[in-house]
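Novice:
Residue numbers (the working numbering): 0 to 157.
(1) Would you mind stating whether residue 71 and residue 54 have Cβ atoms separated by less than 7 Å?
(2) Using the Cβ count rule (16 or more neighbours within 10 Å means buried), how would you classify residue 125?
(3) Decide if the segment 81 to 89 is in contact with the segment 56 to 73; the criterion is three or more beta carbon pairs, one per stretch, under 8 Å apart.
(4) My guess is that residue 104 and residue 92 are in contact by the Cβ rule of under 8 Å, so how many angstroms apart are they, rounded?
(5) What span of residues does the alpha helix (DSSP H) with residue 104 cover, start to end?
(6) Using CA coordinates, which residue listed in 41, 43 and 102 is at the minimum distance from residue 129?
(7) Can you grab the Cα-Cα spacing for the pair residue 0 / residue 20, in whole Å?
(8) In this structure, how does DSSP classify residue 30 when only helix, strand and coil are distinguished?
(9) Pop quiz: residue 31 and residue 61 are said to be a contact at Cβ under 8 Å. What is the actual Cβ separation, rounded to whole angstroms?
(10) Which residues in the same chain have their Cβ closer than 7 Å to the Cβ of residue 192, if we skip the five residues on either side of it in sequence?
(11) Pull up the distance between the alpha-carbon of residue 49 and that of residue 56, whole angstroms please.
(12) Using DSSP with H/G/I as helix, E/B as strand and the rest coil, what is residue 92?
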């Protein structure tokens, strides 16, 4: 049901479904992913303080969860807390357990580096992601063909 809500953009039912799921969990049984999803919901709604509260709840359950730190880094980056975002990126990098995590972090860093004007650093991370995805990386192509080209051209004009 929640996946359908995301596809249709019905975030009200998404939130209610997730709240009911969390509330009805057996006592002593917590699902870190549900808390992370709730944090993501509040992030999408730009309710950043509530998103942080849910991230903290998730981290209190599973302090080794890569996704919690990756998403917290993004939350801090969006809010303009770059040094704190770096801390969470470094922490996430220590929690990597598979290629999917490496891909996510490489793309996250590539986007941040582009945002900060570090085209070369971004290209390195895009190449890491491309290797992990065995060349099938639509986001990699979009970044290299669109944004990096645009940044490079604007620098030539300067």
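Glycine is no exception: its CB is placed at the ideal position from the N, C-alpha and C atoms.
Specialist: Walking through what the data contain:
(1) Position 72 of the chain shown, counting from 1, holds the residue named residue 71. Position 55 of the chain shown, counting from 1, holds the residue named residue 54. A contact, by the Cβ cut-off of 7 Å.
(2) If you number the chain shown from 1, residue 125 lands on position 126. When all chains shown are included, residue 125 counts as buried.
(3) Under the 8 Å Cβ criterion, the segment 81 to 89 counts as touching the segment 56 to 73, having at least three qualifying pairs.
(4) Here residue 104 refers to the residue found at position 105 of the chain shown. Here residue 92 refers to the residue found at position 93 of the chain shown. Right, the Cβ-Cβ distance comes to about 6 Å (below 8 Å), so this counts as a contact.
(5) Here residue 104 refers to the residue found at position 105 of the chain shown. First-last of the alpha helix (DSSP H) with residue 104: 98 to 114.
(6) The sequence position of residue 129 within the chain shown is 130, counting from 1. Cα-wise, what sits closest to residue 129 is 102.
(7) As a first step, residue 0 must be located in the chain shown, where it is residue number 1. As a first step, residue 20 must be located in the chain shown, where it is residue number 21. Any reading at residue 0 must be qualified, since the residue scores a pLDDT of 48, below 50, and its modelled position is unreliable; no value is offered.
(8) Counting from one through the chain shown, the residue named residue 30 turns up at place 31. Residue 30 falls in the coil class under three-state DSSP.
(9) Numbered from 1 along the chain shown, position 32 holds the residue referred to as residue 31. Numbered from 1 along the chain shown, position 62 holds the residue referred to as residue 61. Rounded, the Cβ-Cβ distance is 4 Å, consistent with contact.
(10) A question about residue 192 goes unanswered here, because the residues of the chain that appear run from 0 up to 157.
(11) Reading the chain shown from its first residue, position 50 is the one you call residue 49. Reading the chain shown from its first residue, position 57 is the one you call residue 56. Each residue's alpha carbon lies about 11 Å from the other.
(12) In the chain shown, residue 92 corresponds to position 93, counting from 1. Three-state DSSP puts residue 92 in a helix.
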